[in-house]
Amino acid sequence: MSLDYQHIREQLHRIIHDYKDAEGYERGQSQNFWTQIFNAYGVSGQVQLKAFEHRLKKDKTQKYVDAFIPKLVIIEQKSKGIDLNKAYRQASEYYDRLKTDKPRYIVLCNFDELWLYDLANPLDVKEYKCLLTDLPKNAEWLDFLAPNAAMAEIVEENPINRQATEMVARLHHAFISDGVNADELALFLTRLIFCFFADDTGIFGQKNLLDGLLVNEARNDGSNLNEVFTTLFDTLNTKDRSSRLPESYAAFAYINGDLFSQSIRIPYFDANLYNLVVDCNNLDWSEISPAIFGSMFQSVLDIDDTADSDDKRREFGAHYTSEKNILKVINSLFLQDLRDEFSKCAKDKPRAIKLYEKLPTLKFFDPACGCGNFLIIAYRELRLLENQLIAQIYGDQRGLLDISSMCQVTVEQFYGIEIEPHAAHIARVALWITDHQLNQATAELFGTTRPTTPIVYSPHITEGNALQIDWEDVLAANDCNFVMGNPPFIGKNNQNKDQREDMALIAGQIKGNRTLDYVAGWYIQAIKYMQSVTKNKHWIETAFVSTSSIVQGEQVAILWKYILEKCGGYINFAHHTFKWSNEGKGVAAVHCVIVGYSNQERKEKTIFSYDDIAGEPKPNKAKLINGYLVDAPLVFFDKSKLQITNELLMDYGSMPNDGGNLLLSDEEYQCLIEQEPYAKKYIKPFLMGNEFLNNIKRWCIWLDEVDTVQLNKDLKEMPLIYERVVAVREQRLGSTRPATQKLAATPHLFGEIRYTNKPYIAIPMVSSENRKFIPIGFLEGGIVAGNKIFMITNASLYNFGVLSSSMHNAFMRLTAGRLESRYNYSNTIVYNNFSYPFDAKDEDNKTVKAKETIELAAQAVLDARKLYQNVSENSPSLAKLYNTYMIDPYPELTKAHNALDKVVDKAYGYKGKGDDASRIEFLLKRIADI
């Protein structure tokens, strides 16, 4: 992750100033000090929780180390004046006793000095020492704390989550196969999971009560296990119990919270299922991560009892959203601001109290909450911050505090909408489990905590369709502060009838709405929700994760023109395209963006860019973020029939619509003309984008403009051609599209014909995102371009040069759609909205000379290609010439492109940097003036 060291240094200066008078040592003070340092480096709450809860063995006792992050760091904090050599010996003992997860770093501090040891090479340990007051100057020493892949792995790589889910999956599969009602089964398993967790964490009052039931009350053949669970669930839902209730049940605490209120039929068990329940119960459920397990469990419920269910089950982690990616959303939406505010009030008690009182007033809303991942992480971070504030405000009264009344942040501040009832159940339970874990964390810090049972506070999870429900009925806009989430990724072509109706309801008033992805419905609903605020000085901020397509291609002008212009919205932060993936089996990887927006403009805006889409984000300050997520004016590119600078038009190639029957591979072509030599005159070279890029020979049967009488006569001499024409007719007649059925009347012709016998520039519609330039080239007339190639007929070297330049390719990367992550070029959106250096009607001498200079440089690019092509049988294709390489194998081509860029930039009058962002800013201002 690219760190903002200026911000970190400011935070460190403030922290060190606040602790300059620290004298004695106590665990709470140490935690508070290191919590603030962790916050400065962006360490997540989950990592902090784990860091402070570790006990490491010393001699025969369990002792706390001040902080321990497995595989990363041991931290020993001592009182002012304590010799750190002694602390180093103590930390070394801890290190030596670790059999696994040995950390790379040891950090020692006594409020006067900070020592850092890098143990990457145990034979050559590196030491770094400084006065604590000098730490801001050496902020880079602790940059290993910043969130990264290794840190995420520490948090999320807990095998208990997967073991638990696999066992529950086996239970689910067994019951579904036996015909158990799916809805009742989902609720039963949700209750069972809660009981497993509660039994291992003391929610029931004491631990292992469920163990006793399974051993003493249930028969090991499973014959009465449904009766045991029926009685248990009824007991957990009953506050005033019979005095004759057996003690094995009466010992369980009253739970409340509606989890056990609904009457359901408990499935029947046998010996195998009894043993499976016992095995599930024997896992250490206290280690479960509610955010991770919840999504995995939901995936289990989604598995049908089909032949490929085993394959689906192997992928049950596919929908889990990793904590690292959730934090990208909530950090920028609200968490970093709260942490910054916390860091400013370390020695300002009134300010700290004000922030403490603010936290329980905040309300969070996820209108596509699934299993509650976003709500869970947000709640956890809010509670941890509240703990820090309590410790800071009342640290000297720690033993006298009534912590149960001081924990004001509750799950009741969290709202969600979920269309799937099973997931809604899981979300509620996962938040209750998270609440208990945080109550335990509070107890670790203060000695006492807020009781978990009976459940008093419940999250507000509404079951229903978020695009049909009035969000005001879930949470009044005047009460809401933040909207967040990960709405469903469904493209326009994959929407079912109900989803299309949803979009018509939400976006029907927006021109072009049928082009929008399903996720756009949440963006539109959210801006309407934000506009409905009537309370003075109150506004809502929203951040969603979405497929990249909503900020690319034709959707930008439709969606963002509505939000930013018509509704007066502002994009306040955004993440450029990154790979949104999870850490489960069958990893689901989608290319996504994050957009944070509101109808209230922030003074400071941030764009997070990615040098590597699978890597870490780099923050960049922005003045204005437009719908393409760049710092530039609000310009929108609609489909246009005319080229903005009056240049030659670009068109699609010809579309066969033939089921492959009019197309031939090179092998098929050779075989055909060997058997039917007469057919050769009716066959032409044919190229789609793939063939063009990779030098693949392909052919097509071309019977356009052939006299019908002559054609019928010739077809009798060409039975193989005739057979293919008949196959085309059958294929078209079998289509469900009326337009295709009409084409059956001319089965010998391509479905759409755009053929030229004149030279043309070919541009592949789809090209790899790993290329700096889309490979384009000249083709001779008579070569049939398919519909995956764009053509500019009679194009000049000037056209070729400008379209091969970095200026055009930067604009393409901004405005083109994506096919997965590959560029999906468009003639009407990309090309027609692209501004050439000159208007085609401009013919003054200066313009003519500039064009001639570009043509010379363009020819040099073509000549450089020839240096490497056509020199051997294995000469590189265009795809290979333009791929990205660690070491450039085609330096002359690179040199020619650099020279071309110089003359094209000069023609534009561009004197900026060579990066895309600078070029885009220049182009958008230029286009806005046209």
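Counting from 54, one number per residue, gives the positions in the sequence shown under the working numbering.
Note that CB positions come from ideal geometry on N, CA and C, so glycine has one too.
Given that a residue counts as buried once 16 or more other Cβ atoms are within 10 Å of its Cβ, and exposed if not, what is residue i?
i, result
"Ala496", "exposed"
"Ile829", "buried"
"Tyr58", "exposed"
"Lys381", "buried"
"Thr937", "exposed"
"Glu129", "buried"
"Gln315", "exposed"
"Val646", "buried"
"Val762", "exposed"
"Ala192", "buried"
"Ile983", "exposed"
"Arg294", "exposed"
"Thr414", "exposed"
"Ser342", "buried"
"Ile882", "buried"
By the DSSP assignment, the alpha helix (DSSP H) with residue i in it spans what residues?
i, result
"Lys550", "550-560"
"Lys658", "From DSSP, Lys658 is part of no alpha helix (DSSP H) but of the beta strand (DSSP E) over 658-662."
"Arg404", "402-411"
"Gln130", "Careful: Gln130 lies outside any alpha helix (DSSP H), inside the beta strand (DSSP E) at 126-130."
"Asp57", "Asp57 -> no alpha helix (DSSP H), and no H or E assigned at all."
"Tyr158", "No alpha helix (DSSP H) holds Tyr158; the beta strand (DSSP E) holding it covers 158-162."
"Asp264", "262-265"
"Phe853", "850-856"
"Asn492", "474-499"
"Asp52", "Residue 52 lies beyond the stretch modelled for the chain, which goes from 54 to 983, so this question has no answer here."
For residue i, does the three-state DSSP call read helix, strand or coil?
i, result
"Asn547", "helix"
"Asn534", "coil"
"Thr218", "helix"
"Asp253", "helix"
"Trp592", "coil"
"Leu224", "helix"
"Ile563", "coil"
"Ser888", "coil"
"Thr881", "helix"
"Ile135", "coil"
"Thr600", "strand"
"Asn708", "It should be noted that the sequence gives Met, not Asn, for residue 708. Looking at Met708 - three-state DSSP - the assignment turns out to be strand."
"Tyr876", "strand"
"Ala120", "strand"
"Asp154", "coil"
"Tyr681", "coil"
"Asn234", "coil"
"Glu311", "For the sequence presented, residue 311 should be read as Asp rather than Glu. Coil, per DSSP."
"Phe831", "strand"
"Ala838", "strand"
"Phe690", "coil"
"Ile69", "helix"
Over the uninterrupted beta strand (DSSP E) stretch that includes residue i, give me the two end residues.
i, result
"Arg318", "Arg318 -> no beta strand (DSSP E), and no H or E assigned at all."
"Met1043", "One cannot answer for residue 1043 here, as it falls past the ends of the chain, which runs 54 to 983."
"Ile470", "467-471"
"Leu169", "166-171"
"Thr515", "513-516"
"Tyr181", "179-184"
"Phe282", "Phe282 -> not in any beta strand (DSSP E); alpha helix (DSSP H) instead, spanning 278-289."
"Ala324", "First-last for Ala324: 324-335, but that is the alpha helix (DSSP H), not the beta strand (DSSP E)."
"Ala675", "671-675"
Checking contacts by CB at 8 Å: is residue i closer than that to chain D?
i, result
"Ile135", "In the displayed structure, chain D is absent; only one protein chain is listed."
Taking the runs of the beta strand (DSSP E) that are 3 residues or longer, which of them lie wholly in the region 711-773? Fully enclosed beta strand (DSSP E) runs of 3 or longer: 716-718, 736-740, 751-754.
What beta strand (DSSP E) runs, 3 residues minimum, are completely inside the region 767-821? Along the length of the region 767-821, whole beta strand (DSSP E) runs at least 3 residues long occupy 813-817, reported in chain order.
Between the region 665-682 and the region 848-857, are three or more C-beta pairs nearer than 8 Å? At 8 Å Cβ cutoff, the stretches do not touch.
Across the region 528-542 and the region 577-584, are there enough close Cβ pairs to call them in contact, namely three or more that are closer than 8 Å? Contact annotation: the region 528-542 touches the region 577-584, with at least three C-beta pairs closer than 8 Å.
Start-end ranges of the alpha helix (DSSP H) lying completely within the region 911-977, minimum 4 residues: Counting only runs of 4 or more, we get 931-934, 944-961.
Specify whether the region 641-659 and the region 556-564 touch according to this definition: at least 3 beta carbon pairs, one from each stretch, less than 8 Å apart. With a cut-off of 8 Å, the region 556-564 and the region 641-659 do not count as touching, because too few Cβ pairs lie within range.
The region 917-935 contacting the region 740-750, beta-carbon criterion three pairs below 8 Å: Yes: at least three Cβ pairs fall under 8 Å.
Run through the region 610-637 for me and flag every whole alpha helix (DSSP H) of 4 or more residues, listed as ranges in chain order. Counting only runs of 4 or more, we get nothing.
Counting Cβ pairs closer than 8 Å, one from the region 459-474 and one from the region 419-434, do we hit at least three? With the cut-off at 8 Å, the region 459-474 and the region 419-434 touch.
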